[in-house]
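For reference, the structure is listed below as structure tokens.
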Amino acid sequence: MIDGAVLKNAIISGANHILKNRTAVDELNIFPVPDGDTGTNMSMTMSAAAQELGMLDSVNAADVAKTAASAMLRGARGNSGVILSLLFKGFAKGLEGKAAATGADFVDALAIGVEAAYKAVMKPTEGTILTVARVACEKGRIALEEDADPLFVWAAICRGAEAALEETPKLLPVLKKAGVVDAGGKGLCLIFEGMRSVMQDGVMIEKEDAEAAPAGGDDFFRNAAAEFDQEINFTYCTECIIGREPEKCEDSMELRAYLETIGDCVVVADDDDIIKVHVHTENPGNALQKALEFGQLLTVKIENMKEQHRKAALANEQAKAKAAEEALAPADPTEDYGFVAVAAGEGLHTLFTDLGCAQVVSGGQTMNPSTNDILAAVMATPAKTVYVFPNNKNIILAAEQTVPLVTDREVVVVPTRTIAQGMSALLAFDPEVPVERNVEDMMEAASAVETGQVTFAARDSEFGGHKIHQNDILGMRNGKLTMVEKDPVHTVYRLTKSMVSKDTSFVTIIYGEDVTEQEAQEAYDRIRSKVSENVEVTLINGGQPVYYFIVSVE
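Anchor point for the sequence shown: position 512 equals 512 in full-length UniProt numbering, and the numbering is continuous, going up by one each time.
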């Protein structure tokens, strides 16, 4: 049997394993837009369990499973995180009252979790984490008939998961075309293998070490980066050290002059032995090719500054969300109704507050709030009935998990999938009609809205018949990729024009944090000039990350 101490260490090991490999799992995402990456969401969900288990003294298997499941449910982020939490909730139910687990207990517990996960998804899709979990359970049950030893059974579960993962491209053509396996399924395999390492070999996979600080006292590149920290006119920060060869070229100013023609933020420093180079450019290969004319490249470093900016903005949003969560205090449900919305960006926060939301949870694409984040906002809303607007398809499941956690007020999740849908749904609320009727009316209003989104490609991809390069500008209509361009203003113009019809009455243009007021005004003027005078066009500074523009057409 597997006792509680081993199970505790196994779950922590599984959490560490997905944490160490989260980037590789993120990169399996086939849709090229920046999104709530699967590996990150699953690792954050598992890390919530590892943190709670680290403080647990009990070595009872039931207590370990219950603690892990509770922490994961509250810490679940994104659809993959919620499904993962439901699988472990099955463990808690299957091991209830047990001091240790047998092979049969593992199979029965996993079966409970698989059933719950399938029920939680409105339209279960095979070829995803659901398939991997189901097949793993089936293989475990077959193994149980041969040998009931829990190590034998868990090994079979792991093999079944891996085999199912390899089959996912056959079940989902989009995976096959991209040449990848399902990201959520891969994450689950990593977690199961991390657990197996402890159960079978007694080896806990440790947390990854923090990145080491740069060695030595050379601050050249760090000072160069700091000097130009606010100037991001080009995508790639390119740095190199050249082993100088005087016979090739004596004057490094020639190199500086060339670099200034292909980029900015140029710093070139040299001595008798080396030349140090820093430049921001769209063509790092050209910069390095020119550098080779002066000598051998001793070191090379190329970083995508737009991606760095996105991650920094994400970290900032997460910090603000954490601070907001800590500041939220539960409020007695004294009013008849109240609203909670999920949105990122100060402008959108203000917009939803003006529409009547008592709480706005910071989050959205690339930063899916946890169930606990949404729960805290619900509890801080002083209403007997609290309507929650997720405003993102990857947040709906996490929002729905709050419903059974709240006992002193009714929580109603209105499954809005975009910011535009959330706005229209809120405006359709009628305090004079019952809850069920309100939900119907709000979703009817939401479904009548056309949503346009303009963002950038996070990775090279072939998707929807388009050959996409990293940092291309993408135009999406109701979540479907419709155009690939080079300029956000031109993209939003084309996208909006394609969405407007003779029945259109309202167009709302919400511009994000990476759009200047001049660019926003240009987009407004171009759209205003191409729609009927009877159409009301509104421009709003949403301040949202990731999306240059969000457009609502009604």
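Virtual Cβ for every residue (Gly too), placed ideally from N, Cα, C.
Within its chain, find whatever has a CB closer than 7 Å to the CB of residue i; leave out the 5 residues flanking it on each side and keep chain order.
{"i": "Ala92", "result": "Ala65, Lys66 and Ala69"}
{"i": "Tyr524", "result": "Ile509, Val537 and Leu539"}
{"i": "Thr350", "result": "none"}
{"i": "Thr23", "result": "Gly39"}
{"i": "Ala143", "result": "Phe152, Val153 and Ala156"}
{"i": "Asp430", "result": "Asn438 and Asp441"}
{"i": "Gly140", "result": "Phe106, Val107, Leu110, Val153, Ala156, Ile157 and Gly160"}
{"i": "Pro333", "result": "Pro382, Ala383, Lys384, Asp408 and Arg409"}
{"i": "Ala148", "result": "Thr102, Gly103 and Ala104"}
From which residue to which residue does the alpha helix (DSSP H) around residue i run?
{"i": "Asp270", "result": "Run containing Asp270: none in the alpha helix (DSSP H); it sits in the beta strand (DSSP E), Gly263 to Asp270."}
{"i": "Arg196", "result": "Ala183 to Asp201"}
{"i": "Met442", "result": "Val435 to Ser447"}
{"i": "Cys357", "result": "Where Cys357 is concerned, there is no enclosing alpha helix (DSSP H), given that its DSSP letter is neither H nor E."}
{"i": "Gly75", "result": "Ala61 to Gly75"}
{"i": "Asp26", "result": "Arg22 to Asp26"}
{"i": "Met499", "result": "Pro488 to Met499"}
{"i": "Met379", "result": "Thr371 to Met379"}
{"i": "Leu56", "result": "From DSSP, Leu56 is part of no alpha helix (DSSP H); its letter is neither H nor E."}
Tell me the rounded alpha-carbon separation between residue i and residue j.
{"i": "Lys309", "j": "Asp460", "result": "Reading off the sequence shown, one finds His at residue 309, where the question assumed Lys. Each residue's Cα considered, the two are about 19 Å apart."}
{"i": "Lys170", "j": "Ile468", "result": "23 Å"}
{"i": "residue 580", "j": "Glu282", "result": "Any question about residue 580 goes unanswered here, given that the chain covers just 1 to 554."}
{"i": "Ser43", "j": "Lys290", "result": "42 Å"}
{"i": "His278", "j": "Leu298", "result": "14 Å"}
{"i": "Thr45", "j": "Glu444", "result": "33 Å"}
{"i": "Gly543", "j": "Ala343", "result": "10 Å"}
{"i": "Gln401", "j": "Asn79", "result": "11 Å"}
{"i": "Glu293", "j": "Lys306", "result": "29 Å"}
{"i": "Leu56", "j": "Met72", "result": "15 Å"}
{"i": "Asn478", "j": "Gly243", "result": "53 Å"}
{"i": "Pro214", "j": "Leu87", "result": "Caution is warranted here: a pLDDT of 35 is assigned to Pro214, below 50, making its placement in the model unreliable, and the coordinate value is therefore given only provisionally. Whole-angstrom Cα-Cα distance: 41 Å."}
{"i": "Ile550", "j": "Val489", "result": "12 Å"}
{"i": "Cys158", "j": "Ala76", "result": "23 Å"}
{"i": "Gly14", "j": "Phe192", "result": "6 Å"}
{"i": "Asp264", "j": "Phe234", "result": "8 Å"}
{"i": "Gly465", "j": "Gly475", "result": "14 Å"}
{"i": "Pro390", "j": "Ala358", "result": "14 Å"}
{"i": "Glu260", "j": "Gln296", "result": "21 Å"}
{"i": "Met253", "j": "Glu519", "result": "36 Å"}
{"i": "Tyr547", "j": "Phe352", "result": "17 Å"}
Taking residue i as part of the beta strand (DSSP E), name the residues at either end of that continuous run.
{"i": "His278", "result": "Ile274 to Thr281"}
{"i": "Gly243", "result": "Tyr236 to Arg244"}
{"i": "Leu292", "result": "Looking at the DSSP string, Leu292 is not in any beta strand (DSSP E), and its letter there is neither H nor E."}
{"i": "Ile527", "result": "Premise fails: Ile527 lies in the alpha helix (DSSP H), Glu517 to Lys530, not in any beta strand (DSSP E)."}
{"i": "Glu462", "result": "Ser461 to Phe463"}
{"i": "Gly384", "result": "Residue identity check: residue 384 is Lys in the sequence provided, not Gly. Segment Ala383 to Phe389, the beta strand (DSSP E) holding Lys384."}
{"i": "Thr416", "result": "Taken as a continuous stretch (DSSP letters only), Thr416 belongs to no beta strand (DSSP E), as it is neither H nor E."}
{"i": "Lys480", "result": "Lys480 to Glu485"}
{"i": "Arg409", "result": "Careful: Arg409 lies outside any beta strand (DSSP E) and carries neither H nor E."}
{"i": "Gly179", "result": "Note, Gly179: premise wrong, no beta strand (DSSP E); not H, not E."}
Apart from the five residues on each side of it in sequence, which residues of its chain come closer than 6 Å, Cβ to Cβ, to residue i?
{"i": "Asn392", "result": "Gly364"}
{"i": "Lys207", "result": "Asn16"}
{"i": "Glu485", "result": "Ile473 and Thr491"}
{"i": "Cys137", "result": "Leu110, Ala111 and Val114"}
{"i": "Ser552", "result": "Ala420, Val449 and Thr508"}
{"i": "Gly185", "result": "Ile129, Val132, Leu165 and Thr168"}
{"i": "Glu247", "result": "none"}
{"i": "Pro415", "result": "Ile396"}
Identify whether residue i lies in helix, strand or coil by the three-state DSSP scheme.
{"i": "Lys301", "result": "strand"}
{"i": "Tyr548", "result": "coil"}
{"i": "Gly452", "result": "strand"}
{"i": "Ile205", "result": "coil"}
{"i": "Ala99", "result": "coil"}
{"i": "Met42", "result": "helix"}
{"i": "Gly422", "result": "helix"}
{"i": "Ile395", "result": "coil"}
{"i": "Lys8", "result": "helix"}
{"i": "His466", "result": "strand"}
{"i": "Glu536", "result": "strand"}
{"i": "Ser505", "result": "coil"}
{"i": "Ala458", "result": "coil"}
{"i": "Phe339", "result": "strand"}
{"i": "Gly403", "result": "The displayed chain sequence assigns Val, not Gly, to residue 403. Helix."}
{"i": "Met1", "result": "coil"}
{"i": "Gly364", "result": "strand"}
{"i": "Val153", "result": "helix"}
{"i": "Gly113", "result": "helix"}
When you measure from the CB of residue i to every non-hydrogen atom of the ligand ZN, does any distance come out below 6 Å?
{"i": "Ile142", "result": "With respect to the ligand ZN, the structure shown offers nothing to examine, as it has no ligands at all."}
Whole-angstrom Cβ separation of residue i and residue j, contact assumed at under 8 Å?
{"i": "Gly338", "j": "Thr381", "result": "4 Å"}
{"i": "Val198", "j": "Asn9", "result": "5 Å"}
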